[in-house]
């Protein structure tokens, strides 16, 4: 173990967590009206209706998979008769499909943001910085998922997950993360970069959206038209 490993896996996560919390609090305090998705449906909706669900539903499954994989020890899944081969097969198939759906949705949304001038003009500097990092995180995650295929099998629940849980005990297991394959280390570092940029981009709206957000209809914008028709001598209100 050297000083670089200690800095990356023992210090950097806490610095990023500090930036995430304080940055989000600052954004909420001083940019309350910017604490939203800044919907651009008014400018273009066809590509949004394709890329939006792909990205959001895919990301939901990705997040759930990460929560289970990082926080639930292998001994617990074995105890409920979810054996290692079944767990990794599910991670490869379901996790891989969710990652591909998220990446495809992001590609559609980025194409839309570059193609539609009004949407491109509404893109903040923070968003421009976060999009390539988000794409890199997804690509690294898919590459890491591929390492679960035998014979090049790496059980991240005995390495990365142990390190992640040790962070909450304020005793980071630097050795566990240092021994992980490079693709996992790259995925984690890119993820930390994403969380550091999170408060300064449109991603911050995820902290305000309830779970029902994914099932709600799109916001519909209507132009001002004629006044409501009069029925039985009484205008509708």
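Residue numbers (my numbering): 1 to 237.
Virtual Cβ for every residue (Gly too), placed ideally from N, Cα, C.
Once the 5 residues before and after residue i are set aside, which same chain residues still bring their CB inside 6 angstroms of it?
{"i": "residue 16", "result": "192, 195, 196"}
{"i": "residue 136", "result": "190"}
{"i": "residue 143", "result": "183"}
{"i": "residue 90", "result": "none"}
{"i": "residue 256", "result": "The question about residue 256 has no answer, for the chain in this structure spans 1 to 237."}
Compare the C-alpha of residue i against each of the options and name the closest.
{"i": "residue 73", "options": "106, 181, 159, 200", "result": "159"}
{"i": "residue 162", "options": "177, 154, 170", "result": "177"}
{"i": "residue 9", "options": "31, 79, 62, 172", "result": "172"}
{"i": "residue 205", "options": "141, 188, 164, 127", "result": "127"}
{"i": "residue 4", "options": "198, 199, 175", "result": "175"}
{"i": "residue 66", "options": "157, 199, 78", "result": "157"}
{"i": "residue 141", "options": "92, 169, 31, 105", "result": "92"}
{"i": "residue 106", "options": "80, 58, 90, 64", "result": "58"}
{"i": "residue 207", "options": "2, 28, 6, 11", "result": "28"}
Would a C-beta distance cut-off of 8 angstroms place residue i and residue j closer than the cut-off?
{"i": "residue 47", "j": "residue 88", "result": "no"}
{"i": "residue 109", "j": "residue 23", "result": "no"}
{"i": "residue 102", "j": "residue 33", "result": "no"}
{"i": "residue 13", "j": "residue 167", "result": "yes"}
{"i": "residue 71", "j": "residue 99", "result": "no"}
{"i": "residue 20", "j": "residue 130", "result": "no"}
I'd like the list of long-range same chain contacts for residue i, defined as Cβ closer than 7 angstroms, with 5 residues on each side in sequence excluded.
{"i": "residue 120", "result": "113, 114"}
{"i": "residue 237", "result": "Here the model assigns residue 237 a pLDDT of 47, short of 50, so the residue's position is not dependable, and the following value carries that caveat. If we look at residue 237 and ignore the five residues flanking it on each side, it has no Cβ neighbours."}
Hey, residue i and residue j are a contact pair by Cβ (cut 8 angstroms); roughly how many whole angstroms apart?
{"i": "residue 69", "j": "residue 145", "result": "With 8 angstroms as the limit, residue 69 and residue 145 do not qualify as a contact, their Cβ atoms being about 10 angstroms apart."}
Can you tell me which of the three DSSP states residue i falls into?
{"i": "residue 88", "result": "helix"}
{"i": "residue 131", "result": "helix"}
{"i": "residue 194", "result": "helix"}
{"i": "residue 124", "result": "coil"}
{"i": "residue 96", "result": "helix"}
{"i": "residue 180", "result": "coil"}
{"i": "residue 69", "result": "helix"}
{"i": "residue 172", "result": "coil"}
{"i": "residue 201", "result": "coil"}
Please return the same chain residues whose Cβ sits closer than 8 angstroms to the Cβ of residue i, not counting the five positions on each side in sequence.
{"i": "residue 154", "result": "147, 148, 180, 181, 184"}
{"i": "residue 26", "result": "199"}
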